[in-house]
Amino acid sequence: MKGKPIFIVTIFLCLSSSRLLAQTSPQDAPAYCVQQAKKTLANVHAGTKNLPRSILTGTKEWSYVNERDWCSGF
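No gaps in the numbering here: position 23 of the sequence shown is 385 in the numbering used here, and each next residue is one more.
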């Protein structure tokens with residue numbers, strides 16, 4: 363079960379980073395996604411059921427919500 367949130371966060375980061383990825387070569391895109399996922403996972407509050415939801419305009423910090431409030435955005 364631990365792997366599912368990590369997978370979801372990784373996919374979310376890759377999809378939400380499309381603007382930056384457009385400036386990145388296709389060969390560098392996977393490494394960029396891994397870098398961003400690691401950065402996010404290092405800041406996720408361990409031991410809680412909170413998941414990163416969004417980064418508000420003008421900020422660089424994730425806003426977190428409880429897993430029951432989280433939505434995929436689709």
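We put the beta carbon where it would ideally sit given N, CA and C, even for glycine.
Taking 7 Å as the limit between beta carbons, can you name the residues of its chain near residue i, skipping five residues before and five after?
i      : result
Lys411 : Asn428 and Glu429
Going by CA-CA distance only, name the one from the options that's closest to residue i.
i      : options                           : result
Pro414 : Lys401, Gln389, Ser425 and Ala391 : Ser425
Ala391 : Ile373, Gly420, Thr419 and Lys422 : Ile373
Asn405 : Leu418, Tyr394 and Lys422         : Lys422
Indicate the three-state DSSP secondary structure (helix, strand or coil) for residue i in the structure shown.
i      : result
Pro388 : coil
Val371 : helix
Leu418 : coil
Excluding the 5 residues preceding and the 5 following residue i in the sequence, name in chain order all residues of the same chain whose CB lies nearer than 8 Å to its CB.
i      : result
Ser416 : Trp424 and Ser425
The beta strand (DSSP E) that contains residue i, what's its start and end?
i      : result
Val406 : Looking at the DSSP string, Val406 is not in any beta strand (DSSP E), and its letter there is neither H nor E.
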